Amino acid sequence: MAGSIEKDFAAYLNQYVVIGFGSWLMHGRLSDAKEDYVIVSMSFVNKPVNIYIRKSSLHFISACEKEDYEYIRRHLQGLPLQELQAP
1 MAGSIEKDFA AYLNQYVVIG FGSWLMHGRL SDAKEDYVIV SMSFVNKPVN IYIRKSSLHF
61 ISACEKEDYE YIRRHLQGLP LQELQAP
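With UniProt numbering, the residue at position 17 of the sequence shown is 17, and numbering never jumps.
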């Protein structure tokens, strides 16, 4: 079972992903997957930041481009979507 999960994380390495954990929804590049945690690089901020997330707290992970994530985020927050094109 653990080998299968590791292969799943390996499929997302160096891709933009959306990750749900705790009460957070986050977008970034999955830069590494260690035994107990994953490292997500947030390059959309002024200074790149690495976020370390425990695998046990992950709800989901999915490949997602920035434009698609913005659409999903706005929809979940009830914000107007007319400025954005649907993915």
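All residues carry an ideal CB built from backbone N, CA and C; glycine is no exception. Owing to the predicted nature of the structure, the values given are computational and were not obtained by experimental measurement.
When the Cα atoms are used, what is the spatial distance from residue i to residue j?
{"i": "Leu81", "j": "Lys66", "result": "15 angstroms"}
{"i": "Ala2", "j": "Ser23", "result": "Note that Ala2 has pLDDT 46, beneath the 50 cutoff, so the model's placement of it is unreliable and the number below is only indicative. Roughly 25 angstroms between the two C-alpha positions."}
{"i": "Met26", "j": "Ile19", "result": "5 angstroms"}
{"i": "Ala33", "j": "Tyr69", "result": "21 angstroms"}
{"i": "Asn46", "j": "Lys7", "result": "32 angstroms"}
{"i": "Ile39", "j": "Arg54", "result": "9 angstroms"}
Return the chain-ordered list of same chain residues with a C-beta closer than 7 angstroms to the C-beta of residue i, the five sequence neighbours on each side being excluded.
{"i": "Ser41", "result": "Gly28, Arg29, Ser31, Pro48 and Asn50"}
Ignore the nearest five residues each way along the sequence and tell me which others in residue i's own chain have a CB closer than 8 angstroms to its CB.
{"i": "Gln15", "result": "Arg29, Leu30 and Ala63"}
Sorted by chain position, which residues of the same chain lie with C-beta nearer than 6 angstroms to residue i's C-beta, five sequence neighbours on each side aside?
{"i": "Phe9", "result": "Ala33"}
Going by Cα to Cα distance, which pick from the options is closest to residue i?
{"i": "Phe21", "options": "Ile72, Leu79, Tyr52 and Tyr71", "result": "Tyr52"}
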